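Visitor:
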Amino acid sequence: MLVRAARHAGGPALTLHRADALATPLPTACATAVTCAFGLKTLPVAAYPALLTEAARLLRPGGELALTELVLPADGWQRSFLLRYLAVILPLLGRLWPAAAAHIALLRYARSGPNLPALTAALQTAGFERVRQRRLWPGCAVLVSARKKPESARKADYPAL
Numbered sequence: 007m008l009v010r011a012a013r014h015a016g017g018p019a020l021t022l023h024r025a026d027a028l029a030t031p032l033p034t035a036c037a038t039a040v041t042c043a044f045g046l047k048t049l050p051v052a053a054y055p056a057l058l059t060e061a062a063r064l065l066r067p068g069g070e071l072a073l074t075e076l077v078l079p080a081d082g083w084q085r086s087f088l089l090r091y092l093a094v095i096l097p098l099l100g101r102l103w104p105a106a107a108a109h110i111a112l113l114r115y116a117r118s119g120p121n122l123p124a125l126t127a128a129l130q131t132a133g134f135e136r137v138r139q140r141r142l143w144p145g146c147a148v149l150v151s152a153r154k155k156p157e158s159a160r161k162a163d164y165p166a167l
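Counting from 7, one number per residue, gives the positions in the sequence shown under our numbering.
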């Protein structure tokens, strides 16, 4: 994925790193933005705090976090269509086009989905504010964005001794 991302990188301002998202070797406060696209589904809910603590460590005060993940629409034809696509069409594509076979597990991930209430709680605990969730068209993905609290706001959270 990093090789493909490097081809589309927006120039020298974007640096890509291969690392464990829960504990990177990168320096503290080295980033203005941290993103994770379709990676939450592979994490147990118990790992959300570690992921978000690491993201907060990497971000400068006021830095932005953006997480995108697959979710099932709540109901209606979109949910039925997505379930059918994941259960029937995607495995067929995997047989015809081997590169698509890597996506067959998406049905299992979609059914379990990210635990958005637990994610929101972990974001707040890790020092993020302005937590927002936005469904992406056609309702099969969610964008969760947040901002790391500025240092002045973080210090104000603690009473003086």
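All C-beta atoms in this analysis are idealised placements derived from N, C-alpha and C, irrespective of residue type, glycine included. A quick note: this is a predicted structure, and the numbers were derived from the prediction, not measured.
Identify whether Thr41 lies in helix, strand or coil by the three-state DSSP scheme.
Guide: In this structure, Thr41 counts as strand in the three-state DSSP scheme.
Visitor: For Leu99 and Pro67, what's the separation of their Cα atoms in angstroms?
Guide: Looking at the two C-alpha atoms, the distance is approximately 44 Å.
Visitor: My understanding is that Leu76 touches Cys146, with C-beta atoms under 8 Å, so please give their C-beta distance in whole angstroms.
Guide: Yes, they are in contact, since the Cβ atoms of Leu76 and Cys146 sit about 6 Å apart, within 8 Å.
Visitor: Which runs of the alpha helix (DSSP H) at least 4 residues long sit entirely within the region 70-97? Give them in chain order.
Guide: Those alpha helix (DSSP H) runs which fall completely within the region 70-97 and span 4+ residues are 82-90.
Visitor: What does the alpha-carbon distance come out to for the pair Thr37 and Thr126?
Guide: Sequence check: residue 37 is Ala here, not Thr. Answer to the nearest angstrom: the Cα atoms are 21 Å apart.
Visitor: Return yes when the Cβ of Leu73 is within less than 8 Å of the Cβ of Leu46, no when it is not.
Guide: In this structure, Leu73 lies closer than 8 Å to Leu46 by Cβ.
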